[in-house]
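-9 is the number of the first residue of the sequence shown in this note's numbering; add one for each residue after it.
Even glycine gets a Cβ: it sits at the ideal position worked out from N, Cα and C.
The structure presented is a predicted model; accordingly, all values stated were derived computationally and were not measured.
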Amino acid sequence: MKRRLLSLVTGIAVALGALTGCAQSVAPSAPATGGAPADGAEASDKIYRTLDEIKESGTVNIGVFSDKNPFGYVDENGEYQGYDVYFAERIGKDLGVKINYVSTEAASRVEYLETGKVDIVLANFTVTEERAEKVDFALPYMNVALGVVSHEDHVIESLDDIKDDEQVIVISGTTAETYLEKNNPEIKLQKFDTYATAKTSFENGTGVAWANDNTEVIAYSLENEGYVVGIPSLGSQDTIAPAVSKGNSSLLDWLNDEIKALGKENFFHADYEATLIDTYGKDYEDTLVVEGGGDAAAATEGAAEAAGDLDIPDGNGEVIKIAASPIPHAEILEEAAKILENYGYKLEITEFEDYVQPNLVVESGEFDANYVEHVPYLNSFNEEQGTHLVDAGDIHYEPFGIYPGTKKSLDEIAKGDTIAIPNDTTNEARALLLLQDNGLLKLKDGAGLTATVNDIAENPNDIEFVELEAAQVARVVNEVSYVVLNGNYALEAGYSVGKDSIAHEETDSVAAKTYVNIIAVSEGHEKDEKIQALVKVLRSDAIKKFIEDKYDGAVIFFEG
């Protein structure tokens, strides 16, 4: 990435002026509440301050580290300094407010946002799925991974080098703690609440190694003779981003716009050169710095541009909870979530492996909608279960296909062959209709969308039908002659309907159009604003293109 030649000089000059400005050094304050409640919420439920409330108060509360040089620390003059603080100063300037710095530890970052003690956290905060369930992350401004530092007399170059009686030091609430507990539970961890106590303990020999963000362990090894980063990158490559309280869309949107705007002036390179270059040197600069939100911003803007103006009112951070089948439904929803975010909606997607629970959780009100089924199945479910679900929007359909089992062609069909089919009413009928279209059986007159094996009038090859839950059919492919699969379960099994099926529904067939997959909601909620927003996005040109590009005919956007 290109940088202005004067950015180093300018960055240092700005740092010397800005970092010693009017900011205060304080302990955690009382919850930053006040002002009118968010739409649809009681005042007592709202713990955060909106953008307008922050501006009106004249002060923004920002949580930063006070002991993590060079990211956030207090210097000898009692002033906050560091990479995160440099960014915080610019936020305060552009908001037109003073900054109230709140000293935070790694383990308290989420808590301070959940309780409203701070408006923003800028404390080397790595973006993870678990944290994103509790707070809202803005666009990233730095890359990071995990690293492990150890003494030069006993360099740990692999986690396998750690003996059973040895301990690794971590700071509570960090991604290092989460990663090691999840992936290497056999490793003994010595946990500390603060960076300072972890550092002291490590230097006293309590642990054989210290696992932390690689930026921090690299900095430690460079500043402390006798220590080596034996594992410079552990786990996945992640990003560091500002975070705000869950649902605080006005502040989140402002931060995202601010990060994009700052990227145009290479602000974060200037930040690096003012605060980090003495520690890491220029070699790490382009590796660590993310300008303008990087790929995350590009992906969001690209999705929004492709979607066009959908005339969707601002969702103001409202959450849409939706149940979905993993493939392709959840994948399509993940793409839709990027677009919905631009309209102020948060799409929470929960995957289910069956068709029953997604309907029950919508009927109960636990979820707003589901995306797993077609209308014939919905109608059959309502009738059998006494539920009250309705179609809120038609999205796509997946051609049913006959796939090889132990036999590779329908020309090989023989007496007594076995064919596995779904056992629920509508999908079984669809499978039987496809088999009839390919000459393997004949159904009784009038047996249509509710046909079962009991409606077979002619079965010249005495085919034995193995009726299974739809999700199980692909798993018996090596035990039966053929299998008939729903499109989504074929995808999950790694099949392409165009390349792997022996036969499949034609795209203009009545069956394909009858079985369009829908957004299902509880009756009376199909006109809710958030449901209408969801359907508009899923019916957009951007989602149509996504489906066409990704699924190669195995999933077809519904044009009706």
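Under the DSSP assignment, Glu281 falls outside any alpha helix (DSSP H); it carries neither an H nor an E label. Annotated three-state conformation of His515 is coil, per DSSP. About 6 Å separates the CB atoms of Lys520 and Tyr335; that is less than 8 Å, so the two are in contact. Under the three-state reduction of DSSP, Leu129 is assigned to coil, being neither helix nor strand. In the DSSP assignment, Phe77 falls outside any beta strand (DSSP E) and within the unbroken alpha helix (DSSP H) covering Tyr73 to Leu85. Boundaries of the alpha helix (DSSP H) around Ala421: Thr415 to Asp427. Restricting attention to Val117, Ile221, Gly305 and Tyr91, the CA atom closest to the CA of Glu147 is found in Ile221. Secondary structure note for Thr94: it is in no alpha helix (DSSP H), with a DSSP letter that is neither H nor E.
Within the segment 321 to 380, the complete beta strand (DSSP E) segments of 3 residues or longer fall at 335 to 341 and 359 to 364, listed in chain order. Considering only Thr440, Gly355 and Leu458, the residue with the shortest C-alpha distance to Glu374 is Thr440. Out of Thr168, Lys36, Glu275 and Ala314, the CA that lies nearest to the CA of Asn478 is found in Ala314. For Pro60, the secondary structure class from DSSP, reduced to helix, strand or coil, is coil. With respect to the C-alpha of Glu156, the residue from Asp542, Thr164 and Gly195 having the closest C-alpha is Gly195.
For a cut-off of 8 Å, the C-beta gap from Val108 to Val158 is around 30 Å, too long to register as a contact.
Here DSSP, grouped into helix, strand and coil, assigns Gly488 to helix.
The Cβ neighbour count for Val525, taken over all protein chains shown within 10 Å, is at least 16; the residue is labelled buried. Straight across, the Cα-Cα distance linking Phe61 with Pro318 is about 41 Å.
Cβ-Cβ distances below 6 Å link Val309 to Lys336 and Glu338 in the same chain, with the five nearest sequence neighbours on each side left out; the list follows chain order.
The residues Pro318 and Leu481, in chain order, have a CB closer than 8 Å to that of Tyr541 in the same chain once the five nearest residues on each side in sequence are set aside. Burial is judged here by how many other beta carbons sit within 10 angstroms of a residue's own beta carbon; Lys236 has at least 16 and is buried. Here the C-alpha atom of His386 lies approximately 25 Å from the C-alpha atom of Ala410.
Counting C-beta pairs with one atom in each stretch, the segment 449 to 465 and the segment 389 to 405 have three or more that are closer than 8 Å, which means they touch.
Straight across, the Cα-Cα distance linking Asp203 with Leu136 is about 4 Å. As a beta-bridge residue in DSSP terms, Phe182 pairs with Ile161. For Asp57, the closest of Lys88, Val50 and Ser93 by C-alpha to C-alpha distance is Ser93.
Between the C-alpha atoms of Ala382 and Ser512 there is a straight-line separation of about 9 Å. Counting along the chain, Lys535 sits inside the alpha helix (DSSP H) bounded by residues Asp531 to Tyr541. Per DSSP, the continuous beta strand (DSSP E) segment holding Ile310 begins and ends at Glu308 to Ala314. Judged by DSSP in its simplified three-state form, Ser191 adopts helix.
DSSP places Asn444 in the helix class (H, G or I) of the three-state scheme.
Counting the other Cβ atoms within 10 Å of the Cβ of Ser140 gives 16 or more, which makes it buried. Under the three-state reduction of DSSP output, His144 falls in the coil class, being neither helix nor strand. In the DSSP assignment, Ile267 falls within the unbroken alpha helix (DSSP H) covering Ile267 to Tyr270. Per DSSP, reduced to three states, the secondary structure at Pro412 is strand.
With a cutoff of 8 Å on beta-carbon distance, Tyr73 and Thr265 are scored as near each other. In the three-state reduction of the DSSP assignment, Tyr38 falls in the coil class.
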